[in-house]
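Numbering (full-length UniProt numbering), first residue to last: 1 to 268. Where is the CB? At the ideal position from N, CA and C, for every residue including glycine. Working notes, beginning with the structure itself.
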DNA sequence: ATGGTAGTCGAACTA
């Protein structure tokens with residue numbers, strides 16, 4: 001079984017690319033972020049024609065998350081316990097969607113950006129991650145053998161080697177100590193980064209800004225992650241970042257990230 | 001040099 005995550009930066013602008021990528025890669029579960037679509041705008045039928053069940057959580061103009069699965073899509077949930085809201089009045093931001101796919105609870109997550117270090121959005125980001133850590137710790141406390149995947153765009157580069165040049169990020173979000181601490185707290189709660197061991201730094205980025213020729217200059221960031229609960233991490237047999245998908249006209253600014261699992265019941 | 005590109009909708013905002 002293979003699970004993938006991809007910030008597509010508009011599922012409608014990327015429709016042909018996503019369909020072609022699914023045909024080419026044949027993944028079982030694909031989590032999407034930044035779909036930038038209301039539910040009625042989401043191209044559900046075209047994914048169903050490829051054999052995937054579809055869940056989408058849309059609404060706002062900029063965010064939106066989805067799950068495509070051909071190994072079942074059960075107990076769909078929007079948001080997690082204690083997830084903070086943003087805005088006054090609160091805006092339905094559509095940042096977290098989960099379902100049980102082939103025995104694994106997969107969360108498609110779009111962590112708040114934070115914007116700048118002095119913006120209230122940064123505290124919202126930290127609160128959001130703290131709530132996710134608390135919720136995740138609760139799931140593992142209730143069932144230490146739970147197979148849970150926290151996948152998506154975390155908008156954090158956990159290590160200096162996860163950006164092309166730390167000097168370019170002085171005073172910026174994504175690399176600050178509190179953001180890295182919030183990410184580390186999720187890891188400490190029991191969710192391991194299962195992609196990094198197969199894609200060691202330097203240079204294995206998942207995102208390259210559209211401006212400044214960042215991609216051809218290989219100036220990117222590693223901010224998209226698959227974090228796995230202990231029982232799921234034991235099943236991981238490989239992982240990759242599909243850098244090829246970032247190439248050419250009409251690419252998202254993020255590359256898909258793919259994790260390969262052992263068949264259930266054959267772990268050990 | 002306060003830039004650059006891409007997406008939403010159709011001005012301004014988000015990333």
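Query: Per-residue DSSP class, three states only, for residue 25; Result: helix
Query: Residues that residue 18 bridges to, as DSSP identifies them; Result: DSSP output for residue 18 lists no bridge partner at all.
Query: Reduced DSSP secondary structure (H/G/I, E/B, other) of residue 5; Result: strand
Query: Residue 132 versus residue 161 - alpha carbon distance; Result: 25 Å
Query: Residue burial classification, residue 153 (beta-carbon count within 10 angstroms, cutoff 16); Result: buried
Query: Reduced DSSP category for residue 111 - H, G, I as helix; E, B as strand; rest coil; Result: coil
Query: Residue 63 beta carbon less than 8 Å from that of residue 94; Result: yes
Query: Inter-residue spacing [alpha-carbon to alpha-carbon] between residue 91 and residue 61; Result: 11 Å
Query: Whole runs of the beta strand (DSSP E) within the segment 70-141, excluding any shorter than 3 residues; Result: 74-78, 96-101 and 104-110
Query: Paired residues, beta bridge with residue 56 - DSSP; Result: 66
Query: Sequence-distant residues of the same chain with beta carbon closer than 6 Å to residue 33, five excluded per side; Result: 7, 65, 110, 152 and 153
Query: DSSP-derived helix/strand/coil call for residue 232; Result: helix
Query: Own chain residues within Cβ distance below 8 Å of residue 185, not counting five before or after; Result: 129, 130 and 133
Query: Every unbroken alpha helix (DSSP H) inside the segment 171-228 [4 residues or more]; Result: 177-188
Query: Cβ separation of residue 198 and residue 239, assumed to be a contact under 8 Å, to the nearest whole Å; Result: 4 Å
Query: Classification of residue 124 by the beta-carbon crowding that lies within 10 angstroms, buried from 16 upward; Result: buried
Query: Alpha-carbon spacing of residue 237 relative to residue 88, whole angstroms; Result: 45 Å
Query: Same chain only: Cβ atoms within 7 Å of residue 194, ignoring 5 sequence neighbours per side; Result: 226, 228, 233, 236, 239 and 259
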